[in-house]
Each structure stands twice: as structure tokens, then as C-alpha cells.
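A quick write-up on the structure given underneath.
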Amino acid sequence: MQARQTYTILALIVFVAMILLLMLIIYRLYLTNKSLAVKDALTGLSNRRRILGLGERLFKISQRDKQNLCLLMIDIDNFKQVNDTYGHDVGDKVLLFLTKVLTSVVRKPNLVGRLGGEEFMIVLPNSNEEEGLQLAEQLREECKLRLAESNTFSGDLTFSAGLANNNSDFTSFEALSKAADIALYKAKNSGRDQLQIADNNVVFK
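Residue numbering for the sequence shown is 136 to 340, as defined by the working numbering.
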């Protein structure tokens, strides 16, 4: 009789342990899925949905509190050529290389995310245009410095950038993003490896 009770208790303990283990596995899967929903799978940066959502929220706060907010769009130059010449594995290494540069230079409360492909977005709350330009130059210099010390990629690695500031008559984050995006592509079409502000001024080349 006592042996049967002991067996029943042990079976119950095993059952409860299995239930707890299953709950732990489910919880970890939940956290993983939650993380994947807001993070870029390759770089670990905020993904497009996340960075645009945060940017929208910060834009509204800046409008409410009458504060500056800068938006910096970055696109790796000739990235398709890198993939075609060296392969996608090297392309991924280049993306991870730039990610390390971004995360080392961009400090809180500034936010950085990957929009997709070779394009990145940096949101700088309570920052003016000059601060946005300084950050872009820091990124450029850090990229060159680290590339010289790295064996990630044997070719040149530059990026083009577009900058927009909400001290203009932007009524939405979408409009601000579009202005920065237009400035970015004007930078690329003007020879790459440069930054343009939304009012078309070339800053570095």
C-alpha cells in the first residue's frame, strides 16, 4: 500500500514537472516570437515596423512639446554590386559591420533600425540639424576607421545619407520620412558617399 502511494506521488511530481517544463517552453517561444516581431532577424536592430512606430510616437511628442526631431536615412552604396561580386554571405557581413558601427556611435535616446535591404533609419529626438550632421560625420569616420582595421570586406564601403528636421512644416512622421528619403536618393544620384539635407544642400562628398 505504501509503495503504491509513493509511486502515485512520484508520478504526480513528474506530471507537474512536465507541465511546468511545457509552460516554460511555451513562454520562451512567446518571448522569441515577440522579439522577432520587433527586431530585424539578421542585425538585431529594430525592424521596419518597430522603428517607424517609435518614430511616429516621438514625432508626435516633439510636435506637442515643440521640440526638434531629426531623421537620418542611410543607404549602403553599391550594395547590390557587393552581393553580386562577393555573394550574399559577404553582403550579410557588410550589413553586420555597419550595424556594429551604428550601435557604437548612436547613443540613447537616439534610435536606430533597419528598414530593409541596405537601408537604415536613425531617429534623433530633441536634436537639431547640426547634431544630425555631426552624427552622420561620426558614422562616416567610424566606418572608415573600422573598415581599415577589419577583414570583413576588401573593397570600399561608403554610404549615402538624407537628413530631415521637423523644424519645417512637416505635419506627420510620414512626411518627414519621405523628405529624408528623397534627400537620400538625391545623395545617391549625385555621386554617392555624401549626405544631403531635405533642402538639397550637399554637406560632404
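Every residue gets a Cβ at the ideal spot worked out from N, C-alpha and C, and that includes glycine.
Next on the checklist: With H, G and I counted as helix, E and B as strand and the rest as coil, what does DSSP make of E254?
Outcome noted: strand
Checklist entry - Measuring CB to CB, does N302 end up less than 8 Å from N261? => result Here N302 is not near N261, since their CB atoms are 8 Å or more apart.
Checklist entry - Between which two residues does the beta strand (DSSP E) containing Q331 stretch? => result L330 to I332
Item to check | Neighbour-count burial assignment, I148, 16 or more Cβ in a 10 Å radius | outcome: exposed
Next on the checklist: Using 8 Å for Cβ pairs, my map puts D316 next to S295. What's the rounded Cβ distance?
Outcome noted: Between S295 and D316 the Cβ distance is about 11 Å, and since that is not below 8 Å, they are no contact.
Checklist entry - If you draw a straight line from the C-alpha of G290 to the C-alpha of Y221, how long is it? => result 10 Å
Next on the checklist: Could you compute how far the alpha carbon of R281 sits from the alpha carbon of G252?
Outcome noted: Rounded to whole angstroms, R281 to G252 spans 21 Å at the Cα level.
Checklist entry - When the Cα atoms are used, what is the spatial distance from G179 to C205? => result 23 Å
Item to check | CA-to-CA distance, A176 to L164, given in whole angstroms | outcome: Note on L164: pLDDT 49, under 50, position unreliable in the model; the coordinate value appears next. Looking at the two C-alpha atoms, the distance is approximately 15 Å.
Checklist entry - So the alpha helix (DSSP H) A271 belongs to, where does it begin and stop? => result E264 to E284
Next on the checklist: Taking the straight line between their C-alpha atoms, what separation do you get for R275 and T306?
Outcome noted: Computed Cα separation, rounded: 30 Å.
Item to check | Own chain, CB closer than 6 Å to I186, minus 5 neighbours either side, in chain order | outcome: G248 and M256
Item to check | Which residues DSSP lists as bridging K174, in chain order | outcome: K174 is bridged to S181.
Checklist entry - What is the rounded straight-line gap between the Cα of N263 and the Cα of A310? => result 18 Å
Next on the checklist: Quick check on Q202: does DSSP put it in helix, strand or coil?
Outcome noted: coil
Next on the checklist: Need the endpoints of the alpha helix (DSSP H) that L231 sits in, please.
Outcome noted: H223 to V240
Next on the checklist: Quick check: does the Cβ of N245 come within less than 7 Å of any heavy atom belonging to the ligand NAP?
Outcome noted: Inclusion of the ligand NAP in the displayed structure is not the case, the ligand content being empty and no account of it being possible.
Checklist entry - Taking C-beta to C-beta, are K323 and D224 nearer than 8 Å? => result Against a cut-off of 8 Å, the Cβ pair of D224 and K323 comes out as no contact.
Item to check | Whole-number beta carbon distance between M208 and E254, since they are thought to touch under 8 Å | outcome: Correct: roughly 7 Å between the Cβ atoms.
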